[in-house]
Amino acid sequence: MPISAYLRNLRAKVGHDLLFMPGVTAVVLNEAGQVLLQQRSDNGEWSLVSGVMDPGEEPADAIVREVWEETALHVVPERITGLYTGEDFLVRYANGDVVLYLDITFACRPVNGEPPRVNDDESIDVRYFPLDGLPSMKQFHLTRLADALRNEPHARFKFDGQEGGGGH
Amino acid sequence: MSMSEYIRRLRLKIGHELLFMPGATGIVIDEAGQVLLHRRSDNGQWWLPGGAIDPGEEPADAVVREVWEETGVRVVPERVLGVYGGLDHFGRYPNGDEIGMVSVVFVCRPVGGEPAVNDEESLEVRYFLPDALPELLPRHRSYIELALRGDVRADFRFTFPSPQGAKE
Chain A
1 MPISAYLRNL RAKVGHDLLF MPGVTAVVLN EAGQVLLQQR SDNGEWSLVS GVMDPGEEPA
61 DAIVREVWEE TALHVVPERI TGLYTGEDFL VRYANGDVVL YLDITFACRP VNGEPPRVND
121 DESIDVRYFP LDGLPSMKQF HLTRLADALR NEPHARFKFD GQEGGGGH
Chain B
169 MSMSEYIRRL RLKIGHELLF MPGATGIVID EAGQVLLHRR SDNGQWWLPG GAIDPGEEPA
229 DAVVREVWEE TGVRVVPERV LGVYGGLDHF GRYPNGDEIG MVSVVFVCRP VGGEPAVNDE
289 ESLEVRYFLP DALPELLPRH RSYIELALRG DVRADFRFTF PSPQGAKE
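Read top to bottom, the protein sequences are chains A and B. Each residue of the first sequence is one higher than the last, beginning at 1 in my numbering. Each residue of the second sequence is one higher than the last, beginning at 169 in my numbering.
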């Protein structure tokens, strides 16, 4: 079920009320070790590519779909690098809707060396950046990128206020 | 699945309609290699402990809370076993409420408490040896099998056979 149909129906009944929803983010690294970023059309900021899951969709399928929709790149999700929520993931949309996301971040590999391109109206620009030449980005994007770059096999999570994942 | 204030408030507005939300499930394995299960009072089935994650709550904190509420066992989440969406995570409660979960499954270590019926959600609570499990949902059985294999990577299901972009 597309998220739009689900949300339209739900929003008609709950108005702008807080909804807690699962979302997905991609850390896409190409063979040169560059990371894929999008410049969002709604606020002009650079960010990792992310999106909302459709009800019934697998998280890994959702991230493949989102990266395709926004950058025209086909990627393969390789591992879950972390789970994130909290204030940074609370979004107040221009229309007043409030959504808190539980973000599932995947490290992904592009299936070929094609350059990304703007593929829908959610982005102004999409491109690979070298890690030593990143544009200005909010900390929660940098944190998720850094967590993915650790190359740890396990997914990171927070527990009892502490950073965790695999080490307990 | 005791209902949080968040869900109670939404249910007042949407009735039994589908609510799509993040959930957390715990696979609690004791030192003898036994797995903790509880028999749900609403449907009489043996089940892994777990439930909805509250907005603002970290998934790992949610699994600790749910395992405590449903089994009386205190746990520490050790790793993310996997994150799953998919229509097998949709269902209808005996009261008619429709739910679709994106489930974060944690492997947990018991650190205190004793398995016991701790609230009205459970009829029985006990540990089972992996070769003597009661009838379980296929997905719960597969989580347990995966947990016992000990892979630290977070599992996910990836159903994309080809680029979604091929439809372009």
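For every residue, glycine included, the Cβ atom is placed at its ideal position computed from N, Cα and C.
One alpha carbon belongs to Asp42 (chain A), the other to Trp68 (chain A), and they sit about 19 Å apart.
For Thr239 (chain B), no Cβ of chain A is located within less than 8 Å of the residue's own Cβ. With a 10 Å radius around the Cβ and a threshold of 16 neighbouring Cβ atoms, Asp160 (chain A) comes out exposed. Counting the other Cβ atoms within 10 Å of the Cβ of Arg317 (chain B) gives fewer than 16, which makes it exposed. Contact annotation: the region 56-70 of chain A touches the region 22-29 of chain A, with at least three C-beta pairs closer than 8 Å. Bounds of any alpha helix (DSSP H) do not take in Val111 (chain A), whose DSSP letter is neither H nor E.
Interface annotation, Val14 (chain A): in contact with chain B, CB-CB separation under 8 Å. Taking the Cα positions, Glu289 (chain B) is about 6 Å away from Arg208 (chain B). Per DSSP, reduced to three states, the secondary structure at Leu29 (chain A) is strand.
With a threshold of 8 Å between beta carbons, Asp198 (chain B) makes no contact with chain A.
Asp256 (chain B) sits in a helix when the DSSP states are folded into three classes.
The C-alpha of Asp17 (chain A) is placed about 7 Å away from the C-alpha of Asp97 (chain A).
Taking a Cβ-Cβ cut-off of 7 Å, Phe296 (chain B) has no neighbours in chain A, whose nearest Cβ is about 23 Å from it.
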